[in-house]
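Trainee: Here it is, the structure in full.
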Amino acid sequence: MSIAAQTASALIRAGIVAGEAVALSGWLSRALAAFRGRLCPVGWALLLAPFLTPPLLVSYAYSRIALALVVTPWSHHFLYATLLFLKLAPVATVVRWIIPSALSGEALHVHGMLASRSFVERAKFSMRGAWPGAWFAGGIVFLLAFADFEMASLWSLKTWTVAIFDAQTGGMSFAETLRLAALPVSVQIVVLALLLSRPSRVPMRSAARPGCRSRFAVVYLVLAALVVCGVPLIVVSVQAVAGLPSIVENFVLGNEIVASMLFALGAAALAAGLLRGAHASRVLVSSSRQNEHPTTSESGDASVFASGRKVREGGTPSPALGTSALPGVPGLLGPLIVALLVLALFQIPLLRPAYDTPLPLLLALTIILLPLALLLSALLQKGHASPMRHIACQLGSRRLLYDLESQPRLAAFALLFCWAYFDFTASSLLAPTRFTPVFVRLHNLAHYGQTAVLSAMMLAAFAAPAALLLLTSVAGRIYAHRDGR
4 MSIAAQTASA LIRAGIVAGE AVALSGWLSR ALAAFRGRLC PVGWALLLAP
54 FLTPPLLVSY AYSRIALALV VTPWSHHFLY ATLLFLKLAP VATVVRWIIP
104 SALSGEALHV HGMLASRSFV ERAKFSMRGA WPGAWFAGGI VFLLAFADFE
154 MASLWSLKTW TVAIFDAQTG GMSFAETLRL AALPVSVQIV VLALLLSRPS
204 RVPMRSAARP GCRSRFAVVY LVLAALVVCG VPLIVVSVQA VAGLPSIVEN
254 FVLGNEIVAS MLFALGAAAL AAGLLRGAHA SRVLVSSSRQ NEHPTTSESG
304 DASVFASGRK VREGGTPSPA LGTSALPGVP GLLGPLIVAL LVLALFQIPL
354 LRPAYDTPLP LLLALTIILL PLALLLSALL QKGHASPMRH IACQLGSRRL
404 LYDLESQPRL AAFALLFCWA YFDFTASSLL APTRFTPVFV RLHNLAHYGQ
454 TAVLSAMMLA AFAAPAALLL LTSVAGRIYA HRDGR
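Numbered per our numbering, the sequence shown spans residues 4 to 488.
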């Protein structure tokens with residue numbers, strides 16, 4: 004199959020996955036907004052579990068089923084597209100939650116009373132109201148599905164990402180590899196240009212309507228988390244039981260796990276630092292403009308409470324999304340293309356001495372993390388101006404400040420750390436000699452099939468960052484509660 008045919012196949016598949024994710028995300032975002040009490044964190048955890056599950060874990064656990072379906076290509080591709088949809092639907096839901104529909108429940112009710120009762124008219128009206136969030140959600144999911152490599156690689160799927168990766172690692176000249184990538188990269192650039200050409204502002208968030216079917220949303224979230232996260236963990240854990248003694252006697256992944264952790268820590272810190280610096284500069288520019296053209300005479304405390312009130316009630320819209328999303332645009336090209344571009348950068352004579360150093364991989368991982376970091380930053384900023392946080396600052400309560408500010412930031416950093424830690428694509432192309440990340444080795448071994456020892460090695464690789472993050476969380480909570488008020 005030629006690269007053009009593989010690109011067309013990926014284009015159709017990504018379009019279907021994006022359309023399904025957008026259709027589901029509107030309903031899920033409204034259901035999540037209606038969750039209250041303990042159901043709220045549980046719902047968000049179930050939503051994000053499929054997206055945060057390492058692709059290697061999913062593809063490895065289902066590899067026997069996937070390879071058995073090779074004889075029937077349509078079922079093989081259907082399984083792949085289904086798992087892609089389940090993994091990426093959370094991304095669309097988060098985007099739709101950040102950019103809610105401009106239509107309130109009251110507006111929909113009035114339109115239903117006054118407008119035509121035809122299905123087409125109602126659909127057009129609903130689409131116009133949901134357009135900004137649906138547009139960005141669909142575009143981002145399309146790009147992620149179109150550029151997927153890690154799940155497709157282990158299942159021997161013929162996609163353009165697998166073809167280009169195999170060409171690069173198989174000895175093809177770098178110039179020829181870039182020529183092969185020209186067509187799919189052109190598709191990605193066109194989609195990115197369409198996304199950024201739609202200037203839109205975040206609309207006001209309306210109150211959640213009680214008619215949202217939260218129970219059905221919980222059922223879907225549980226099933227999706229079970230299929231993408233629960234079943235692979237169970238499969239690997241059961242297989243790993245017989246291989247644990249061998250791993251304990253001769254643990255050979257220490258250096259690789261340490262390398263992955265160091266790269267992940269550095270990339271997460273750089274991505275978070277870059278976004279914080281960009282946000283600080285925007286705040287500084289905004290403050291200087293407000294000083295030049297004051298529009299309010301509120302006192303400091305009153306303005307803080309007013310801003311919190313606007314966030315709750317859906318006040319002033321945020322700046323245009325196209326401008327604020329610019330730092331994350333290169334990362335949306337996918338790990339494979341980012342790695343190839345970084346590889347080309349370090350072929351320049353001036354940078355060639357740094358080629359076999361940690362710098363190329365660190366740079367690529369930072370670029371890959373920026374889109375996720377932007378989403379997390381938007382979520383954190385929604386709660387930054389809340390009155391509760393202002394009261395905690397006034398009281399000087401270390402415990403409250405940790406719960407309201409430090410803990411969400413630590414959780415966001417942990418997500419960035421894990422996303423970089425589980426990377427395989429960029430690590431396999433850019434990792435320096437004698438500093439190989441753990442998932443490069445595990446992915447290569449996984450091509451030989453499922454074994455008890457390999458499952459035990461994977462379980463150890465997955466458990467290492469979980470243990471580190473658990474210890475960090477416990478230490479932070481002890482510090483916050485020590486002599487806390």
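Glycine is no exception: its CB is placed at the ideal position from the N, C-alpha and C atoms.
Being a predicted model, the structure only gives us computed values, none of them experimental.
1. Compute the distance between the beta-carbons of T10 and V190, then report whether it is under 8 Å.
2. Go through the region 19-83 residue by residue and report every complete run of the alpha helix (DSSP H) that reaches 4 residues or more, in order.
3. For T436 versus A342, is the C-beta spacing smaller than 8 Å?
4. Within 10 angstroms of the Cβ of W100, are there 16 or more other Cβ atoms? Answer buried if so, exposed if not.
5. Tell me the DSSP secondary structure of Y451 in three-state form.
6. Residues in the same chain with beta-carbon distance under 6 Å from A1, minus the five sequence neighbours each way, listed in chain order, please.
7. For a test of the three-state rule: what should DSSP assign to Q350, helix, strand or coil?
8. Could you give the distance in angstroms between the alpha-carbon of G354 and the alpha-carbon of T360?
9. Which residues in the same chain as V188 place their Cβ atom closer than 8 Å to its Cβ, once the five residues preceding and following it in sequence are excluded?
10. Name the residue from A52, L432, F177, Y83 whose alpha carbon lies nearest to the alpha carbon of L236.
11. For Q350, which residues from the same chain have a beta carbon less than 8 Å from its beta carbon, with the 5 sequence-adjacent residues on both sides left out?
12. Would L265 pass as a contact of L377 if the rule is Cβ separation under 8 Å?
13. If we count Cβ pairs, one from each stretch, closer than 8 Å, do we get three or more for the region 417-428 versus the region 236-252?
14. Round the Cβ separation of V193 and I143 to the nearest angstrom and send it over; I've been treating them as touching at under 8 Å.
15. Could you check what DSSP says for G303 in three-state terms: helix, strand or coil?
16. Please report how far the alpha carbon of P374 lies from the alpha carbon of L348, in whole angstroms.
17. Quick test of your reading: A423 and L472, contact by CB under 8 Å. State the CB separation rounded to the nearest angstrom.
18. In this structure, how does DSSP classify T475 when only helix, strand and coil are distinguished?
19. In this structure, does DSSP put S249 in helix, strand or coil?
20. How long is the line joining the alpha carbons of I481 and A272, rounded to whole angstroms?
21. Within 10 angstroms of the Cβ of T180, are there 16 or more other Cβ atoms? Answer buried if so, exposed if not.
22. For a test of the three-state rule: what should DSSP assign to P361, helix, strand or coil?
23. Take the Cβ of P93 as the centre, count every other Cβ of all protein chains shown within 10 Å, and call the residue buried at 16 or more, exposed below.
24. From L364 to L268, what does the alpha carbon distance come to, in whole angstroms?
25. Taking 8 Å as the threshold, find out whether the region 154-165 comes into contact with the region 70-89 through three or more Cβ pairs.
26. Can you tell me which of the three DSSP states A434 falls into?
27. How would you call W163, buried or exposed, if buried means at least 16 neighbouring beta carbons within 10 angstroms?
28. Note down the Cα distance separating G331 from L59, rounded to an integer number of angstroms.
Mentor: Quick answer:
1. When the beta-carbon positions are compared, T10 and V190 come within less than 8 Å of each other.
2. Taking only runs of at least 4 residues, the alpha helix (DSSP H) segments lying wholly in the region 19-83 are 42-55, 58-64, 66-71.
3. No, the pair does not count as a contact, with Cβ atoms beyond the cut-off.
4. Its Cβ being crowded by 16 or more others within 10 Å, W100 is buried.
5. Under the three-state reduction of DSSP output, Y451 falls in the coil class, being neither helix nor strand.
6. The requested residue 1 is not part of the displayed model; the chain covers only 4 to 488.
7. The answer is coil: DSSP assigns Q350 none of H, G, I, E or B.
8. Before going further, note that residue 354 is Leu rather than Gly in the sequence given. Going from the Cα of L354 to the Cα of T360 covers about 11 Å.
9. Leaving aside the five residues that flank V188 on each side, the residues in its chain whose CB is nearer than 8 Å to its CB run, in chain order, L336, I340.
10. Nearest of A52, L432, F177, Y83 to L236, Cα basis: A52.
11. Counting only Cβ-Cβ distances below 8 Å, and skipping sequence neighbours, we find F177, Y358.
12. At a Cβ-Cβ threshold of 8 Å, L265 and L377 do not count as neighbours.
13. In this structure the region 417-428 does not touch the region 236-252; the number of beta carbon pairs closer than 8 Å is below three.
14. Contact between V193 and I143 is absent: CB atoms are separated by about 15 Å, not below the 8 Å threshold.
15. Residue confidence is low: G303 scores 40 on pLDDT, short of 50, so the model does not pin down where it sits. No coordinate-derived value is stated.
16. In a straight line, the C-alpha of P374 is about 21 Å away from that of L348.
17. In fact, because the Cβ distance is near 13 Å, the residues do not count as touching under 8 Å.
18. Helix, per DSSP.
19. Three-state result, S249: helix.
20. Looking at the two C-alpha atoms, the distance is approximately 23 Å.
21. When all chains shown are included, T180 counts as buried.
22. Note: P361 maps to coil in three-state DSSP.
23. By the 16-neighbour rule on beta-carbons within 10 angstroms, P93 is buried.
24. Straight-line Cα distance between these residues: approximately 12 Å.
25. In this structure the region 154-165 touches the region 70-89; the number of beta carbon pairs closer than 8 Å is three or more.
26. The answer is coil: DSSP assigns A434 none of H, G, I, E or B.
27. Result: buried.
28. G331 and L59: Cα-Cα distance of roughly 24 Å.
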